[in-house]
Amino acid sequence: MDIENSKRFLPEGKHLMMGNIAMSEGAIAAGLKFFGGYPITPSTEVIEHLSVRLPQIGGVCMQMEDEIASINSVIGASLVGAKAMTATSGPGLSLMTETISMAANLEIPFVFCDVQRNGPGTGYVTEPHHNDLGLMR
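This is the structure:
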């Protein structure tokens with residue numbers, strides 16, 4: 006799907022979008038066909054939006070049972086040729102690191118969206134933050 010075709014889903018005019026929605030639409034415009042994810046604040050809007058939009062363009066959005074299954078489903082989809090993506094935040098990223106390093110060593114392409122939040126504990130974790138930058142490098 007290209008940007009021209011994506012216009013048919015939006016009426017003319019200006020649109021205000023949350024960053025997660027804009028990123029999701031950008032992924033669709035770039036050819037995303039598979040999303041495997043697990044809802045975790047503050048990245049939940051990604052799976053919510055893609056669960057509606059991907060079926061509209063013939064793609065697949067799967068809510069997995071946890072973060073490890075999410076990254077493994079994305080690797081599997083990529084291995085069979087789909088443009089694949091997942092999204093998570095801090096604690097989910099920590100759970101996915103082993104599979105991410107395996108995918109990097111095997112040069113398996115996929116898109117990873119890390120919507121960062123503050124700290125691994127509860128309380129202040131729903132606010133965006135930059136704690137994962139070191140790990141993402």
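For the sequence shown, the working numbering begins at 6 and goes up steadily by one.
We put the CB at the ideal spot given by N, CA and C, even for glycine.
The closest CA to that of Y43, considering only S75, V79, L84 and E103, is found on S75. In this structure M28 is buried. Its beta-carbon is surrounded by 16 or more other beta-carbon atoms within 10 angstroms. In this chain, the alpha helix (DSSP H) harbouring A74 covers E72 to L84. When the beta-carbon positions are compared, A87 and F39 come within less than 7 angstroms of each other. Across the structure, L84 and F115 are spaced so that their CA atoms are roughly 9 angstroms apart. Between the alpha carbons of N77 and A32 lies a distance of about 19 angstroms. DSSP, reduced to helix, strand and coil, places M69 outside both helices and strands of the structure shown, so it counts as coil.
For G95, the number of other beta carbons within 10 angstroms of its own is at least 16, and it is reported as buried. Using a 10 angstroms sphere on the CB of E72, the tally of other CB atoms reaches 16 or more, which defines it as buried.
Residues I26 and S29 of the same chain have their beta carbon placed closer than 6 angstroms to that of H54, with the five preceding and five following residues left out of the count. The beta carbon of I52 lies closer than 8 angstroms to those of F40, G42, Y43, P44, C66, Q68 and A92 in the same chain, with the five residues before and after it left out.
Taken atom to atom, the span from the alpha-carbon of V57 to that of L37 is near 13 angstroms.
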